[in-house]
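*Asks:* Supplied in structure tokens, the structure appears directly below.
Number of protein chains: 2
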Amino acid sequence: MNPTDKHIRVTLIGAGNVGTQLGYNLKQSGCDIRQVWSAHLANAERLAERLGATATDRTEDLADGSDVYLYAVKDDALQDMAKTVSPTGGIHIHTAGAVSMDIFKGKKERYGVLYPMQTFSKGRRISFADVPIFIEASSAETETYIRTLAKSLSHTVTSCSSEERKVLHLAAVFCCNFPNVLYDIAHSLLRETSIPFETMFPLMSETIEKLRLMTPREAQTGPAVRGDEQAMARHLSLLEGNDNWQDIYRTLSQTIASLHAEGEQIKK
Amino acid sequence: MNPTDKHIRVTLIGAGNVGTQLGYNLKQSGCDIRQVWSAHLANAERLAERLGATATDRTEDLADGSDVYLYAVKDDALQDMAKTVSPTGGIHIHTAGAVSMDIFKGKKERYGVLYPMQTFSKGRRISFADVPIFIEASSAETETYIRTLAKSLSHTVTSCSSEERKVLHLAAVFCCNFPNVLYDIAHSLLRETSIPFETMFPLMSETIEKLRLMTPREAQTGPAVRGDEQAMARHLSLLEGNDNWQDIYRTLSQTIASLHAEGEQIKK
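Next comes the structure, spelled out in structure tokens:
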């Protein structure tokens, strides 16, 4: 088994957003996807057809002989899958940010993690080239193998322990899932106006681009960091009738104010 | 006074982040910046020198004869400035998202708003070409003038009432200031690891890019929308010791869950 072989044989366990995108990108990088498993046979079949693989919804049908068994199932299901997937040969790799590598311990011989830190949705195809991939492995030799596989997908491959990966995954929630729900609220607010949501894109992009030059602390703008109580009171009154959004507005504004008050004290 | 003249004469009131960036861009588009006012003379002088203007920190020294008096001061100060700026000729334009045009009513004859919706920080020069600008004016004729001025700065110029602009400004807080404080928390979390904050950029960018194809509701990913209680419990335990961050985590996760529960009900 040599990771520089053109045709690493892969069994793909999971055909959701992550599994689908991984499947496409692995195939493109020259892997031979042999089998696709999903709890829903139709999903497995749809993806398997595109990848030139066979499909199954029965873990007992998963065949021996793959170089890599790649698990892209829900976090909650991983522990069980590590047990029920019967082949023990090959390298067993899960793709979850928040789950320890140890779920494979005592169940498989060689195993590891390949966590592509990105947000995957149906209907949007992701090129893995720029997606940071974090890897971990049960041995140095296995890590070398997983690294080569990851490098065939992405420019950015980093070793990361399960402990660090947990913090990374939490940071990803704060950089993706939580900003997105704030965009969702903005989207709802703008529906009451004639202004399309697309208008916000330059602002949203610049908010990120600034961070290439300065820290988020330095980049903070808006009423809360200026201590502009009048503007904040006006905003809260616009949010009247939605306690949840008012709560978010207050909590985040207070956080901004207190983080910057700390900064002021440090300066003094 | 013809807005297509190459040299619109501008008095710039305010030399902070917005005033500075506006000054640069107006000069570049061919305006003649005559005078710069700031409460801090050194700030006025620094900017005036770059713009080929004179500097003052005394409102009584502001000269008559400009085509445009452009106010880029703090929201709280605008009402007073509209009164104390003595020239009444020319068009008086403020640049604030959250302040009504009516602060000029009864004080100036021709007035309006030119709100560039962007986040401005020292040390980062902004090209206005892609910045959406929202305008409003005291008369149709004045609006035509302000529109021409705004179009010399940006491709995207939209008329917007004071009422709509308030909602827009609130949406901007949800699209910029609030995501930024979440990035700040992620930045702090990652400092405890060996992973640099820059690693998050592809994820942050993709979170926005997805919204060109789907709504934020459709784009939502992460433990809260999956209802992955275990992952959320692990995240909350990682945040132990910081009640504020735990509070933010809980509030935003619950918001995601409830917005998507509504969606499920609508589907049924």
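Protein sequence lines correspond, in order, to chains D and P.
In terms of this note's numbering, the first sequence opens at residue 8 and continues consecutively.
In terms of this note's numbering, the second sequence opens at residue 8 and continues consecutively.
Note that CB positions come from ideal geometry on N, CA and C, so glycine has one too.
Treat the numbers as computed from the prediction; the structure is a model and nothing was measured.
Any C-beta of chain P sitting closer than 8 Å to the C-beta of D/Ala6?
*Replies:* Since the first residue shown for chain D is 8 and the last is 275, residue 6 of chain D is missing from the structure and cannot be characterised.
*Asks:* Under the rule that 16 or more other beta-carbon atoms within 10 Å means buried, what is P/Leu129, buried or exposed?
*Replies:* Translated into the one-based positions of the second sequence, residue 129 of chain P becomes position 122. Reading the sequence as shown, one finds Lys at residue 129 of chain P and not Leu. By the neighbour-count rule (16 or more Cβ atoms within 10 Å), P/Lys129 is not buried but exposed.
*Asks:* At a CB distance below 8 Å, what residues from the region 227-251 of chain D approach chain P? Give them in sequence order.
*Replies:* Those would be Gln227, Thr228, Gly229, Pro230, Ala231, Val232, Arg233, Asp235, Gln237, Ala238, Arg241, His242, Leu245, Leu246 and Asn251, in chain order.
*Asks:* Taking only three categories from DSSP, how would you classify D/Asp250?
*Replies:* What you label residue 250 of chain D is simply residue 243 of the first sequence in a count that begins at 1. Helix, per DSSP.
*Asks:* Please state the DSSP three-state secondary structure of P/Phe5.
*Replies:* A question about residue 5 of chain P goes unanswered here, because the residues of chain P that appear run from 8 up to 275.
*Asks:* Using a Cβ cut-off of 8 Å, pull out every chain D residue sitting near P/Gln35, in sequence order please.
*Replies:* Taking the second sequence and counting its residues from 1, the one referred to as residue 35 of chain P is at position 28. By Cβ distance, chain D contributes nothing, its closest Cβ being about 18 Å from P/Gln35, past 8 Å.
*Asks:* Using a Cβ-Cβ distance under 8 Å, would D/Asn184 count as near chain P?
*Replies:* In the first sequence, residue 184 of chain D corresponds to position 177, counting from 1. Chain P, which has a Cβ nearer than 8 Å to the Cβ of D/Asn184, makes this yes.
*Asks:* Out of D/Ala264, D/Asp83 and D/Gly30, point me to the one whose CA is closest to D/Phe135's CA.
*Replies:* Reading the first sequence from its first residue, position 128 is the one you call residue 135 of chain D. Nearest C-alpha to D/Phe135: D/Gly30.
*Asks:* Within 8 Å of any Cβ in chain D, is that where the Cβ of P/Arg154 sits?
*Replies:* As a first step, residue 154 of chain P is located in the second sequence; it is residue number 147 there, counting from the start. Taking Cβ atoms only, chain D never reaches closer than 8 Å to P/Arg154, which makes this a no.
*Asks:* Buried or exposed for P/Leu220, going by 16 or more other Cβ atoms inside 10 Å?
*Replies:* For this step, residue 220 of chain P is matched to residue 213 along the second sequence. Exposed.
*Asks:* How should P/Pro223 be labelled, buried or exposed, when 16 other C-beta atoms within 10 angstroms of its C-beta is the threshold for buried?
*Replies:* For the purposes of this step, residue 223 of chain P is identified with residue 216 of the second sequence, where counting begins at 1. Burial call: buried.
*Asks:* With DSSP as the reference, label D/Thr18 as helix, strand or coil.
*Replies:* Working through the first sequence from its first residue, we reach residue 18 of chain D at position 11. Three-state DSSP puts D/Thr18 in a strand.
*Asks:* Given P/Ile263, which residues of its chain have a CB within under 8 Å of its CB, disregarding the five upstream and five downstream residues?
*Replies:* Indexing the second sequence from 1 puts residue 263 of chain P at position 256. Counting only Cβ-Cβ distances below 8 Å, and skipping sequence neighbours, we find Gln227, Gly229, Ala231 and Val232.
*Asks:* I need the DSSP call for D/Ala62, collapsed to helix, strand or coil.
*Replies:* By one-based count along the first sequence, residue 62 of chain D stands at place 55. Looking at D/Ala62 - three-state DSSP - the assignment turns out to be strand.
*Asks:* Taking all protein chains shown into account, decide if P/Gln125 is buried (16 or more other Cβ within 10 angstroms of its Cβ) or exposed.
*Replies:* Here residue 125 of chain P corresponds to residue number 118 of the second sequence, with the count starting at 1. Buried, by the Cβ-count rule.
*Asks:* I'd like to know whether the C-beta of D/Met124 is nearer than 8 Å to at least one C-beta of chain P.
*Replies:* Taking the first sequence and counting its residues from 1, one reaches residue 124 of chain D at position 117. At least one chain P Cβ lies under 8 Å of D/Met124.
*Asks:* From D/Glu247 to D/Ile100, what does the alpha carbon distance come to, in whole angstroms?
*Replies:* Along the first sequence, one-based indexing puts residue 247 of chain D at 240. Along the first sequence, one-based indexing puts residue 100 of chain D at 93. Approximately 49 Å between the Cα atoms of the pair.
*Asks:* When you compare only the Cα positions, how much space is there between P/Arg132 and P/Gln28?
*Replies:* To locate residue 132 of chain P, count along the second sequence from 1; it is residue 125. To locate residue 28 of chain P, count along the second sequence from 1; it is residue 21. Their Cα atoms are separated by approximately 7 Å.
*Asks:* For D/Lys274, which of helix, strand or coil comes out of DSSP?
*Replies:* Counting from one through the first sequence, the residue named residue 274 of chain D turns up at place 267. For D/Lys274, the pLDDT reaches just 44, beneath the cut-off of 50, and the residue's location in the model is therefore unreliable, leaving the point undetermined.
*Asks:* Quick one: is D/Ser265 buried, meaning 16 or more other Cβ sit within 10 Å of its Cβ, or exposed?
*Replies:* As a first step, residue 265 of chain D must be located in the first sequence, where it is residue number 258. Exposed.
*Asks:* So that I know if they touch, is there some Cβ in chain D lying closer than 8 Å to that of P/Phe208?
*Replies:* Sequence index remark: in the second sequence, residue 208 of chain P carries index 201 (1-based). Yes - at least one Cβ of chain D is within 8 Å of the one on P/Phe208.
*Asks:* What residue does the beta strand (DSSP E) around D/Ser212 start on, and which one ends it?
*Replies:* Position 205 of the first sequence, counted from the start, is the residue given in the question as residue 212 of chain D. It is not in any beta strand (DSSP E) - D/Ser212 instead sits in the alpha helix (DSSP H) that spans Phe208 to Glu216.
*Asks:* Taking C-beta to C-beta, are P/Ala62 and P/Ala70 nearer than 8 Å?
*Replies:* On the second sequence, position 55 is the one that residue 62 of chain P refers to. On the second sequence, position 63 is the one that residue 70 of chain P refers to. No, they are not a contact pair.
*Asks:* Please list the partners that D/Lys217 has in chain P, where partner means a Cβ-to-Cβ separation under 8 Å.
*Replies:* Taking the first sequence and counting its residues from 1, the one referred to as residue 217 of chain D is at position 210. Result: Thr126, Ser128 and Arg131.
*Asks:* How would you write the range of the alpha helix (DSSP H) that P/Pro223 sits in, first residue to last?
*Replies:* One-based indexing of the second sequence puts residue 223 of chain P at position 216. Its alpha helix (DSSP H) spans residues Pro223 to Ala226.
*Asks:* Would you kindly work out how many angstroms separate the C-alpha atoms of D/Phe204 and D/Leu259, rounded to a whole number?
*Replies:* Counting from one through the first sequence, the residue named residue 204 of chain D turns up at place 197. Counting from one through the first sequence, the residue named residue 259 of chain D turns up at place 252. Going by the C-alpha atoms only, they are around 22 Å apart.
*Asks:* Measure how close the beta-carbons of D/Phe181 and P/Ile215 come, nearest whole angstrom, since I'm counting them as under 8 Å.
*Replies:* Locating residue 181 of chain D in the first sequence gives position 174, where the first residue counts as 1. Locating residue 215 of chain P in the second sequence gives position 208, where the first residue counts as 1. No, D/Phe181 and P/Ile215 are not in contact; Cβ-Cβ is about 15 Å, not under 8 Å.
*Asks:* Would a check of beta-carbon distances place D/Arg224 closer than 8 Å to chain P?
*Replies:* What you label residue 224 of chain D is simply residue 217 of the first sequence in a count that begins at 1. True, the Cβ-Cβ gap to chain P drops below 8 Å.
*Asks:* Is the beta carbon of P/Asp39 closer than 8 Å to that of P/Val17?
*Replies:* The residue labelled residue 17 of chain P in the question sits at position 10 within the second sequence. The residue labelled residue 39 of chain P in the question sits at position 32 within the second sequence. In this structure, P/Asp39 lies closer than 8 Å to P/Val17 by Cβ.
*Asks:* Can you list, in chain order, the residues of its chain with a C-beta nearer than 6 Å to that of D/Ile110? Leave out the 5 residues immediately preceding and following it.
*Replies:* Here residue 110 of chain D is taken as the residue at index 103 of the first sequence, counted from 1. Counting only Cβ-Cβ distances below 6 Å, and skipping sequence neighbours, we find Leu85, Gln86 and Ala89.
*Asks:* Should D/Lys274 be flagged as near chain P, meaning a C-beta pair shorter than 8 Å?
*Replies:* The sequence position of residue 274 of chain D within the first sequence is 267, counting from 1. Caution is warranted here: a pLDDT of 44 is assigned to D/Lys274, below 50, making its placement in the model unreliable, and the coordinate value is therefore given only provisionally. No, its Cβ sits nowhere closer than 8 Å to a Cβ of chain P.
*Asks:* Are the C-beta atoms of D/Tyr190 and some chain P residue less than 8 Å apart?
*Replies:* Here residue 190 of chain D refers to the residue found at position 183 when the first sequence is read from its first residue. Judged by the 8 Å Cβ criterion, D/Tyr190 is in contact with chain P.
*Asks:* Rank D/Ile20, D/Cys167 and D/His267 by C-alpha distance to the C-alpha of D/Ala105 and give the top, closest one.
*Replies:* To locate residue 105 of chain D, count along the first sequence from 1; it is residue 98. Considering only alpha carbons, the answer is D/Cys167.
*Asks:* For a test of the three-state rule: what should DSSP assign to P/Thr91, helix, strand or coil?
*Replies:* In the second sequence, the residue the question calls residue 91 of chain P occupies position 84. Helix at P/Thr91.
*Asks:* Strictly below 7 Å CB to CB, what residues from chain D border P/Leu220?
*Replies:* In the second sequence, counting from the first residue as 1, residue 220 of chain P sits at position 213. Near P/Leu220 (Cβ distances below 7 Å), the residues of chain D are Gly130 and Arg131.
*Asks:* For a contact defined as C-beta to C-beta under 7 Å, what are the partners of D/Asp83 on chain P?
*Replies:* Translated into the one-based positions of the first sequence, residue 83 of chain D becomes position 76. By Cβ distance, chain P contributes Asp235 and Gln237.
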